[in-house]
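Asks: Have a look at this one before I ask anything.
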Amino acid sequence: MKDLEPLPLSDQISGAPHPSEAIEIFGQDSAQQQFLEAFDRGRLHHAWLLSGPRGIGKATLVWKIAKFLLTTPDPLAHDGLFGAMCQNVSKLETPPDHPALPRIMAGSEPTLYVLRRSYDEKRKRFKQNITVDDVRSLKSFFGLSAADGGARVVIIDAADDMTGSAANALLKMLEEPPKNAFLFLISHQPAALLPTLRSRCRELRLFALSQDMVQQALTQAKIHLSEEQSPLITRLSAGSAGQAIRLAQLDGDALYSALISTLHTLPNLNQSTALKLAESFAGQANSERFDLLIDLIDYILGQTAKTSLIPPDPDADPTALDQKLFTKLNKGSISARKWALVQQDISQRMLHGKAVNLDPVTLILDMFFKIEKCAAAL
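Rendered as structure tokens:
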């Protein structure tokens, strides 16, 4: 009898290690220190909101914090030498031989609860939202007391995925937080969360990584780029290690080049080339590639809109085909505004179409035709 394969996790990039496995976190020293200072003072807020772009280390930091809290005594809960040893903690370090660690990594630690989008085995895809029933399941978790009276930790990855009803249910829990329980909400777009939910949390803001740090994160994830791939993928990642991993795993550099080549036929779009590219996204198996295409188109249109308004990217080769395309399509401030509007419109249409399961081939062709219409009008 074959062993059952573990189900995919919505908080893990396919083909990459889970954030809980990361040894180092790069570029987020300020957020770590803010948390440790609160810990040292014995003033840990019961709810934390970790905000910032996707793929910059929010989940990695949350998992390091969770391990730390579940393996480190409260600095104010003990007297004498043991209590003193816990003061002035400078790093989120975890005793490597602590008995809770294997349980945390196996997902069986009773004092840790992870709320994420579940996987629909029948449809072979993740559910689109964290539902109100998912959030209500926290009540039974909080109803259990930690055996040693220690901390209980909840990770919500991502809070952006909660439905309105789920967010309201969570808000009620935050109004009367259980004793010694800590909730960590990860958000890529905190402005879209309920204002009352945000106000109940202490926010830790994380920021985009430098290109060197992106490279270090890729090395830690055992993702190796060729000398040809590295400059483009690092630049396209925009400081997101997670995005760099997606680009590497899904041949994002080749997809980007195909998009640039197709758009270079503007203002008279080569429709056969566009159709061939669009048809390569047919089927559920190309769902992740389609997500990446949405990101890359958003990047291309954003760069096109900005070309005449900001200095050129110092890391970009001005003779490269993409840079020539941006210059070709942007003829000044008026065209910049038009491209910005097209970017917004296409982004909304693509995301909505994906949410309601419209045919990706149709969505991509519609996208190309809208771009062609704008280019022809300039």
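Numbering of the sequence shown is given in my numbering, commencing with residue -6 and proceeding in unit increments. Even glycine gets a Cβ: it sits at the ideal position worked out from N, Cα and C.
#1: Tell me the DSSP secondary structure of Glu374 in three-state form.
#2: Can you tell me where the beta strand (DSSP E) with Val107 in it begins and where it stops?
#3: For the alpha helix (DSSP H) that contains Phe283, what are its first and last residues?
#4: Quick check: the Cα distance between Leu108 and Leu314, rounded to an integer number of angstroms?
#5: Tell me whether Asp150 is buried or exposed, calling it buried when 16 or more other Cβ atoms sit within 10 Å of its Cβ.
#6: Quick one: what does DSSP say Ala333 is sitting in, helix, strand or coil?
#7: Can you tell me the Cα-Cα spacing of Ala214 and Leu225, whole angstroms?
#8: To test your reading of the DSSP string, which unbroken alpha helix (DSSP H) runs of 4 or more residues are found completely within the stretch 205 to 229?
#9: Can you list, in chain order, the residues of its chain whose CB lies under 6 Å from that of Gln204, leaving out five sequence neighbours each side?
#10: Does His71 pass the burial test, meaning 16 or more other C-beta atoms within 10 Å, or should it be called exposed?
#11: Please classify Leu229 as buried or exposed, where buried requires at least 16 other C-beta atoms within 10 Å of its C-beta.
#12: So what's Val125 in DSSP terms, helix, strand or just coil?
#13: What is the rounded straight-line gap between the Cα of Gly8 and the Cα of Ala15?
#14: Kindly indicate the opening and closing residues of the alpha helix (DSSP H) around Ala234.
#15: Taking the continuous beta strand (DSSP E) assigned at Arg198, which residues delimit it?
#16: Closer than 8 Å is the cut-off here; do at least three beta carbon pairs connect the stretch 283 to 294 with the stretch 323 to 343?
#17: Can you tell me which of Lys120, Thr266, Ser111, Lys57 puts its alpha carbon nearest to the alpha carbon of Pro89?
#18: Beta-carbon within less than 8 Å of Ala162's beta-carbon, same chain only, minus the 5 sequence neighbours each way: which residues are those?
#19: Which residues in the same chain have their Cβ closer than 7 Å to the Cβ of Arg96, if we skip the five residues on either side of it in sequence?
#20: Is DSSP giving Leu356 helix, strand or coil here?
#21: Around the C-beta of Ile179, are 16 or more other C-beta atoms found within 10 angstroms, so that it is buried, or is it exposed?
#22: Determine whether the beta carbon atoms of Phe119 and Leu85 lie at a separation below 8 Å.
#23: Taking only three categories from DSSP, how would you classify Leu55?
Replies: Per the coordinate set shown:
#1: Outside the modelled stretch of the chain, which goes from -6 to 371, sits residue 374, for which no answer is possible.
#2: One-based indexing of the sequence shown puts residue 107 at position 114. From DSSP, the beta strand (DSSP E) with Val107 extends over 105 to 108.
#3: Numbered from 1 along the sequence shown, position 290 holds the residue referred to as residue 283. Run containing Phe283: 280 to 299, per the alpha helix (DSSP H) assignment.
#4: Here residue 108 corresponds to residue number 115 of the sequence shown, with the count starting at 1. Here residue 314 corresponds to residue number 321 of the sequence shown, with the count starting at 1. Taking the straight line from one Cα to the other gives about 43 Å.
#5: Along the sequence shown, one-based indexing puts residue 150 at 157. So Asp150 ends up on the buried side.
#6: As a working note, residue 333 is residue 340 in the sequence shown. Of the three classes helix, strand and coil, the one that applies to Ala333 here is helix, per DSSP.
#7: As a first step, residue 214 must be located in the sequence shown, where it is residue number 221. As a first step, residue 225 must be located in the sequence shown, where it is residue number 232. Just so you know, the alpha carbons of Ala214 and Leu225 end up roughly 19 Å apart.
#8: Taking only runs of at least 4 residues, the alpha helix (DSSP H) segments lying wholly in the stretch 205 to 229 are 222 to 229.
#9: As a working mapping, residue 204 is identified with position 211 in the sequence shown. If we look at Gln204 and ignore the five residues flanking it on each side, its Cβ neighbours are Thr227.
#10: Taking the sequence shown and counting its residues from 1, one reaches residue 71 at position 78. Only weak support exists for where His71 lies, its pLDDT of 47 falling under 50; the value from the coordinates is given anyway. His71 is exposed by the Cβ-count criterion.
#11: Counting from one through the sequence shown, the residue named residue 229 turns up at place 236. Classification for Leu229: buried.
#12: As a first step, residue 125 must be located in the sequence shown, where it is residue number 132. If DSSP states are grouped into helix, strand and coil, Val125 belongs with the helices.
#13: Start at 1 with the first residue of the sequence shown, and residue 8 comes out as number 15. Start at 1 with the first residue of the sequence shown, and residue 15 comes out as number 22. A direct Cα-to-Cα measurement between Gly8 and Ala15 gives close to 14 Å.
#14: What you label residue 234 is simply residue 241 of the sequence shown in a count that begins at 1. Segment 234 to 242, the alpha helix (DSSP H) holding Ala234.
#15: One-based indexing of the sequence shown puts residue 198 at position 205. For Arg198, the enclosing beta strand (DSSP E) has its first and last residue at 195 to 198.
#16: Yes, they touch.
#17: The residue labelled residue 89 in the question sits at position 96 within the sequence shown. Answer by Cα proximity: Lys57.
#18: By 1-based counting over the sequence shown, the position of residue 162 is 169. Leaving aside the five residues that flank Ala162 on each side, the residues in its chain whose CB is nearer than 8 Å to its CB run, in chain order, Val125, Val128, Arg129.
#19: Residue mapping note: residue 96 aligns to position 103 of the sequence shown, counting from 1. Same-chain partners within the cutoff: Glu102.
#20: On the sequence shown, residue 356 is found 363 positions in, with the first residue counted as 1. Three-state result, Leu356: helix.
#21: Position 186 of the sequence shown, counting from 1, holds the residue named residue 179. In summary, Ile179 is buried, with 16 or more beta-carbon neighbours lying within 10 Å of its beta-carbon over all protein chains present.
#22: The residue you call residue 119 lines up with position 126 of the sequence shown. The residue you call residue 85 lines up with position 92 of the sequence shown. By the CB criterion at 8 Å, Phe119 and Leu85 fall outside the cutoff.
#23: In the sequence shown, the residue the question calls residue 55 occupies position 62. In the sequence as presented, Leu is not what sits at residue 55; that position holds Val. In the structure shown, Val55 adopts helical secondary structure according to DSSP, grouped into three states.
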